[in-house]
Structures are given as structure tokens and as C-alpha cells.
Ligand code: ASP
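Below, the structure written as C-alpha cells:
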């Protein structure tokens with residue numbers, strides 16, 4: 020049994036309180052695995068803790084888009100039947116990962132705001148509070164200061180994600196994000212795109228990515244990395260994919276578990292707040308294995 024969570028990759032040092040919250044998220048998710056629960060439920064629980072915290076770019080803390088609205092993306096996938104659910108641009112709902120779960124259990128795979136809200140509303144999911152004055156002022160400052168999306172990418176990202184392996188040998192992956200800061204309304208990153216932001220298949224592994232969504236989508240990073248897991252260790256597969264991403268001027272962090280339970284956390288950025296928990300204990304750090312631009 021193993022659970023890995025991350026709180027984003029970037030070039031700004033993660034705050035101590037973010038690392039503490041990751042530990043809490045790991046413990047909540049692992050409690051589910053310990054009682055024989057599924058990897059999918061552990062992933063949902065650990066992401067929900069991070070969404071609720073309001074300190075990550077997900078759920079209650081999600082970035083505001085350029086027009087001052089929070090539109091949130093999330094996705095889930097389980098590796099036994101390849102069932103998946105994803106939500107794009109969800110407004111007014113606190114836990115997009117729970118909405119993704121409801122979509123997974125519906126005849127659909129991916130819904131944008133209008134359909135997802137209908138499903139979330141029927142199940143009475145918790146509402147998302149309106150952005151407070153401070154967040155709106157912060158958005159105003161970013162709009163004035165940053166002229167290009169590229170400059171905003173240099174910030175600390177803080178999207179969240181998780182992958183898990185349960186006692187039954189099943190894998191799962193998930194991600195949740197508010198996208199990038201001050202992004203154009205309607206812009207979609209990799210996090211809700213199955214095969215780009217996440218992928219899980221018991222015959223290969225489970226992968227969740229964070230970083231510059233545009234380049235992650237172009238490479239279908241999570242699926243391409245999963246395919247490499249057929250013949251390589253998670254370390255080698257992640258390094259290979261991240262080198263390819265660097266050639267596209269991308270930046271990312273990835274958490275990976277293979278079907279044997281071998282795992283890795285790798286990033287191209289200076290930091291990646293992440294942690295893992297297994298029967299030996301918990302480990303949370305602000306950075307793991309870095310793939311440098313010079314190595315491509
Ligand atoms: N990948 C996310 C996006 O592009 C952002 C992030 O991971 O921080 O929307």
C-alpha cells in the first residue's frame with residue numbers, strides 16, 4: 020500500500036504550512052488504505068483535504084481567472100477498469116474532485132461547468148465561497164505587474180495531485196487545480212485531461228502531473244510516461260519524459276507508482292512540495308529528484 024500526494028512544482032519555496040497540510044492529507048488518505056479501502060477513495064480523500072485547506076491552488080484556494088471568477092478543474096482515474104471522471108471550469112463548488120467522482124459514476128467521462136454543476140447540485144456538494152476582497156486585490160496586482168503568461172509560470176504553482184496503490188493491487192490517480200494565475204477565462208490546462216495530467220492502468224502504473232499545462236498536453240505526458248513503465252523503472256521513465264518536456268520548453272513535476280509499488284517524485288523545477296506514506300512511515304519534503312535543463 021502506498022499513497023503519494025503533491026502540492027505543486029515551481030521555483031518558489033513551498034510554505035511550511037503547505038508541507039504540514041500535505042502530511043495531514045497523506046494520513047487521511049492512508050487511513051482509507053489501511054482499512055482495506057480503494058486507491059481511488061484514498062486519492063479522493065487526500066485531494067479533498069488539500070482542496071478544503073484553501074492554501075493550495077485547488078478548491079477553496081483555487082486561482083482566480085482574469086475576470087475574477089474561480090473556475091476549477093479536476094480529474095480521477097482508476098487502473099482496474101480504466102474508469103475515469105473529469106470536470107473542467109467548475110464554478111461555485113468547493114470540491115471538484117468529488118464532482119469528478121460523480122462524473123466517473125455517470126455515463127460520462129468529462130463535463131464542463133454546466134453539466135458538472137447539475138450533477139454536483141443534485142448531490143448537494145458543498146458550495147465554494149465567493150472570492151474575498153484580498154484575492155480580488157491580489158488579482159489586480161498580478162494583472163498590473165505581469166505582462167505575459169510566461170512570467171506568471173515562474174511563480175510557485177501549487178496545484179494538487181495524488182496517486183495510490185491499495186491492498187487489492189489497484190492503482191488510482193487524481194489532480195485538482197485552479198489553473199494558472201490570472202489566466203484567460205476558459206483556458207484549460209492538463210489537469211482535467213486524461214492522459215495528459217493523469218493516467219492510471221493496473222498493467223502499467225499511476226501518474227499525476229503538475230506544471231505548465233500547455234506543454235504537458237502536447238506530450239500527453241501521463242500516458243506517455245505510463246507506457247514507458249512497461250519496460251523501465253519509474254525513475255527512468257519519469258526522467259525520460261521530463262527531458263522530452265524540457266525540449267518543448269515545458270516545466271513539470273510528476274508523481275509515479277508502478278504496478279509493483281515502486282515509485283518516484285521527479286521535477287524540472289527547483290521545488291516540488293510532495294510526500295508519500297507507506298507501512299514504513301511518512302515523508303514530506305519541499306523537493307525531490309530534479310531533472311536539470313542542462314541534462315537534455
Ligand atoms: N498544470 C496546471 C495547469 O496548467 C497548473 C499547475 O499544475 O500548477 O492548469
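In our numbering, the protein residues as written are 20 to 315.
The C-beta atom is built at its ideal place from N, Cα and C for all residues, glycine as well.
Who are the near neighbours of residue 202 in its chain, counting only those whose CB is closer than 6 Å to its CB and skipping five residues on each side?
-> Here residue 202 refers to the residue found at position 183 when the chain shown is read from its first residue. Taken in chain order, the residues that qualify are 84.
Could you give the distance in angstroms between the alpha-carbon of residue 247 and the alpha-carbon of residue 256?
-> As a working mapping, residue 247 is identified with position 228 in the chain shown. As a working mapping, residue 256 is identified with position 237 in the chain shown. Approximately 5 Å, taken between the alpha carbons.
Quick one: what's got a C-beta closer than 6 Å to residue 59's C-beta in the same chain, skipping five residues either side?
-> Taking the chain shown and counting its residues from 1, one reaches residue 59 at position 40. Closer than 6 Å at the Cβ level, and outside the excluded window around residue 59, lie 97, 191.
What is the C-beta distance between residue 109 and residue 136, in whole angstroms, given that I count them as a contact (C-beta under 8 Å)?
-> Walking along the chain shown from the start, residue 109 turns up at place 90. Walking along the chain shown from the start, residue 136 turns up at place 117. So it is a contact: roughly 7 Å between Cβ atoms.
Measure the Cβ-Cβ separation of residue 291 and residue 269 and say whether it is below 8 Å.
-> Working through the chain shown from its first residue, we reach residue 291 at position 272. Working through the chain shown from its first residue, we reach residue 269 at position 250. No, they are not a contact pair.
Determine which residues share a DSSP beta bridge with residue 220 and list them.
-> Position 201 of the chain shown, counted from the start, is the residue given in the question as residue 220. Paired residues: 224.
Quick one: what does DSSP say residue 88 is sitting in, helix, strand or coil?
-> On the chain shown, residue 88 is found 69 positions in, with the first residue counted as 1. Residue state, collapsed to three classes: coil.
Residue 76 by DSSP, collapsed to three states: which one?
-> Against the chain shown, residue 76 aligns to sequence position 57. Coil.
Would you kindly work out how many angstroms separate the C-alpha atoms of residue 99 and residue 140, rounded to a whole number?
-> Locating residue 99 in the chain shown gives position 80, counting from the first residue. Locating residue 140 in the chain shown gives position 121, counting from the first residue. About 29 Å.
Whole-angstrom C-beta distance between residue 228 and residue 214, which should lie under 8 Å | The residue you call residue 214 lines up with position 195 of the chain shown. The residue you call residue 228 lines up with position 209 of the chain shown. That belief does not hold up - the Cβ atoms of residue 214 and residue 228 are roughly 10 Å apart, past 8 Å.
Are residue 180 and residue 63 close, meaning C-beta to C-beta below 8 Å?
-> Stepping through the chain shown from its first residue, residue 180 is reached at position 161. Stepping through the chain shown from its first residue, residue 63 is reached at position 44. It is not a contact, given that the beta carbons lie outside the stated cut-off.
Tell whether a beta-carbon distance below 8 Å holds between residue 267 and residue 238.
-> Here residue 267 is taken as the residue at index 248 of the chain shown, counted from 1. Here residue 238 is taken as the residue at index 219 of the chain shown, counted from 1. Cβ atoms of residue 267 and residue 238: closer than 8 Å.
Measure from the C-beta of residue 286 to each C-beta in chain B and report whether the shortest distance is under 8 Å.
-> Within the model displayed, chain B is absent; a lone protein chain is all it includes.
Where residue 44 and residue 162 are concerned, what is the direct C-alpha to C-alpha distance, given to the nearest angstrom?
-> Reading the chain shown from its first residue, position 25 is the one you call residue 44. Reading the chain shown from its first residue, position 143 is the one you call residue 162. One C-alpha to the other measures close to 32 Å.
Would you grab the beta carbon distance between residue 38 and residue 184 for me? Rounded to a whole angstrom, and I think it's under 8 Å.
-> Here residue 38 refers to the residue found at position 19 when the chain shown is read from its first residue. Here residue 184 refers to the residue found at position 165 when the chain shown is read from its first residue. About 23 Å separates the two Cβ atoms, so there is no contact after all.
Local Cβ density within 10 Å of residue 158, reported as buried at 16 or more and exposed below that | In the chain shown, residue 158 corresponds to position 139, counting from 1. It counts as buried.
What's the call for residue 30, buried or exposed, on a 16-neighbour Cβ count within 10 Å?
-> The sequence position of residue 30 within the chain shown is 11, counting from 1. Label assigned to residue 30: exposed.
When you compare only the Cα positions, how much space is there between residue 284 and residue 277?
-> By 1-based counting over the chain shown, the position of residue 284 is 265. By 1-based counting over the chain shown, the position of residue 277 is 258. Using only the alpha carbons, I get a separation of about 12 Å.
What do you reckon, are the CB atoms on residue 61 and residue 113 nearer than 8 Å?
-> Within the chain shown, residue 61 is the residue found at index 42, counting from 1. Within the chain shown, residue 113 is the residue found at index 94, counting from 1. In this structure, residue 113 does not lie closer than 8 Å to residue 61 by Cβ.
Where are the beta strand (DSSP E) runs, 3 residues long or more, that stay fully inside the segment 97-136, in chain order?
-> 103-109, 129-131
Give the secondary structure of residue 38 by DSSP, where H, G and I count as helix, E and B as strand, and everything else as coil.
-> Residue 38 sits at position 19 when you count from the first residue of the chain shown. The answer is helix: DSSP assigns residue 38 an H, G or I state.
Applying the criterion that 16 or more other CB atoms from any shown protein chain within 10 Å of the CB defines a buried residue, is residue 253 buried or exposed?
-> Counting from 1 along the chain shown, the entry for residue 253 is found at position 234. The residue in question, residue 253, is buried, as its Cβ has 16 or more Cβ neighbours within 10 Å.
Cβ distance (whole Å) where residue 120 is taken to contact residue 104 below 8 Å | Within the chain shown, the letter at position 101 stands for residue 120. Within the chain shown, the letter at position 85 stands for residue 104. With a Cβ gap of about 6 Å, residue 120 and residue 104 count as contacting.
Any non-hydrogen atom of the ligand ASP within 7 Å of residue 176 CB = Here the question's residue 176 lines up with position 157 in the chain shown. True, at least one ligand heavy atom lies under 7 Å from that Cβ.
Kindly indicate which three-state DSSP category residue 232 falls into: helix, strand or coil?
-> Residue numbering aside, residue 232 sits at position 213 when the chain shown is read from its first letter. Note: residue 232 maps to helix in three-state DSSP.
Indicate, with yes or no, if the ligand ASP has a heavy atom lying under 7 Å from the CB of residue 235.
-> Here residue 235 corresponds to residue number 216 of the chain shown, with the count starting at 1. True, at least one ligand heavy atom lies under 7 Å from that Cβ.
If we call anything under 8 Å between Cβ atoms a contact, is residue 91 one with residue 193?
-> Within the chain shown, numbered from 1, the residue matching residue 91 stands at position 72. Within the chain shown, numbered from 1, the residue matching residue 193 stands at position 174. Taking 8 Å as the Cβ cut-off, residue 91 and residue 193 do not qualify as a contacting pair.
Can you tell me which of the three DSSP states residue 157 falls into?
-> Mapped onto the chain shown, residue 157 falls at position 138. In the structure shown, residue 157 sits in a helix (DSSP, three-state: H, G or I).
Just mark residue 70 as buried or exposed, buried being the case when its beta carbon has 16 or more other beta carbons within 10 Å.
-> Taking the chain shown and counting its residues from 1, the one referred to as residue 70 is at position 51. Result: buried.
Can you tell me the Cα-Cα spacing of residue 125 and residue 160, whole angstroms?
-> Along the chain shown, read from residue 1 onward, the residue named residue 125 stands at position 106. Along the chain shown, read from residue 1 onward, the residue named residue 160 stands at position 141. So the two alpha carbons sit approximately 41 Å from each other.
Within the same chain, show all residues whose beta-carbon is closer than 8 Å to that of residue 251, passing over the 5 residues directly before and after it, in chain order.
-> Residue mapping note: residue 251 aligns to position 232 of the chain shown, counting from 1. Excluding positions up to five away in sequence, the list reads 259.
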